[in-house]
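Using our numbering, read the sequence shown as starting at 5 and increasing by one per residue. These notes are about the structure you will find just below.
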Amino acid sequence: MEKASDGGKPYLAWNLSAGHDLREDERELVQALGTAVVMRWFDLPRDIQKRLFEAAVSGPQILREPLAKFLHANAEG
5 MEKASDGGKP YLAWNLSAGH DLREDERELV QALGTAVVMR WFDLPRDIQK RLFEAAVSGP
65 QILREPLAKF LHANAEG
């Protein structure tokens, strides 16, 4: 079990790398969670946004720019 970087309660790290095969029901759950994160993105503290963004682009670097553009294009205000 890993420890949270802020010294908080330990958490389990999921192994959801790009090559990880998910069952259909698991894909639906991950998609629902991802959609919820996007819907509430601007409610999240900046440090959490940064951590989520870095986790999302930790694989292929080709995702960094399109994801940044997507988030910027959908910014509130």
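Virtual Cβ for every residue (Gly too), placed ideally from N, Cα, C.
Could you check the C-alpha separation between residue i and residue j for me, to the nearest Å?
i	j	result
K73	I52	18 Å
E58	V42	14 Å
K54	D29	28 Å
A40	I66	23 Å
W45	P64	22 Å
P49	D25	31 Å
R27	G38	16 Å
V34	N78	21 Å
S62	E80	25 Å
Does DSSP put residue i in a helix, a strand or coil?
i	result
R68	helix
V61	coil
L33	helix
D51	helix
A77	helix
L26	coil
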